[in-house]
Amino acid sequence: MDDVRDGRLGAWRVGTAGRVGGFALAAVPACAAVSAWLSALSHRDAQHVTSAGVMTGVALGFGLFAWWILLRVRLELTTEMIVMVNPWGTQRLPWSRVSAVSLGNWGAQFHTTDGFTYTAYALSDLASGTRQDGRFAEVRRITDAQLLRGHPL
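Mapping to our numbering: the sequence shown position 152 is 185, numbers consecutive.
This is the structure in structure tokens:
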């Protein structure tokens, strides 16, 4: 792990298809809102302005939803801990609590010494529509190396 920068061993986001879908989910309503505002500028009546305002609200809602569910989701492995940013919250898991890692339908699952399982949605099948075996192999390689070192550092 000679390429460790600032203690960061690796980082993964939702797969390419999921990110493209997230950007599309945000961009399509945004384009509709821009179009509605252009129409409001040329027609200049209350109905067009109200319609443009509503479309802007819808676009903001879709953009926030896409960001929260797909675009902000990530998994980071650092020398000190595992950081999982999921739609339902962020978990920080020290290496000293990790006993194993596996791949499930909802993502990489980090099993702890006290019997709990934490899931990183960034490596889920559903987030990108494809199997995550290739990306998970790198997560497993880093995790196995960290567990062999007997962390914390």
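Heads up, the beta-carbon is just placed ideally off N, CA and C, and yes, glycines get one too. Since we're looking at a predicted model, the values are computed, not measured.
Point to revise | T150 versus T123 - alpha carbon distance | key: 14 Å
Review point. What is the DSSP secondary structure of S157, counted as helix, strand or coil?
Key: coil
Check your understanding: How should A157 be labelled, buried or exposed, when 16 other C-beta atoms within 10 angstroms of its C-beta is the threshold for buried?
Key -> Looking at the sequence itself, residue 157 is Ser, so the reference to Ala does not match. S157 should be labelled buried.
Check your understanding: If you follow the alpha helix (DSSP H) that Q179 is part of, which residue opens it and which one closes it?
Key -> D166 to R182
Practice item. Give the DSSP-derived three-state secondary structure of T111 in the structure shown. Key: strand
Check your understanding: Just how far apart, CA to CA, sit I115 and S129?
Key -> 10 Å
Point to revise | Residues of its chain near M34, where Cβ-Cβ distance is below 8 Å and the 5 sequence neighbours each way are ignored | key: Residue confidence is low: M34 scores 39 on pLDDT, short of 50, so the model does not pin down where it sits. No coordinate-derived value is stated.
Review point. How many angstroms separate the CA atom of R77 from the CA atom of S84?
Key: 12 Å
Review point. Can you name the start and end residues of the alpha helix (DSSP H) that G54 belongs to?
Key: T49 to H76
Review point. R46 and R107 look like a contact to me (Cβ under 8 Å); what is the Cβ gap, rounded to whole Å?
Key: 5 Å
Practice item. Return the CA-CA distance between P120 and L103, expressed in angstroms with no decimal places. Key: 8 Å
Check your understanding: Using a Cβ-Cβ cut-off of 6 Å (strictly less than) and excluding sequence neighbours within five positions of A65, which residues of its own chain qualify?
Key -> M88
Review point. Does the Cβ-Cβ distance between G96 and A50 come in under 8 Å?
Key: no
**Study point:** Beta-carbon proximity check, A73 vs V82, cutoff 8 Å
**Key:** yes
**Study point:** Enclosing beta strand (DSSP E) for T122 [first to last residue]
**Key:** Just to set this straight, residue 122 is Gly in the shown sequence, not Thr. Note, G122: beta strand (DSSP E), G122 to P127.
Review point. So is V172 buried or exposed if we call it buried at 16+ other beta carbons inside 10 Å?
Key: buried
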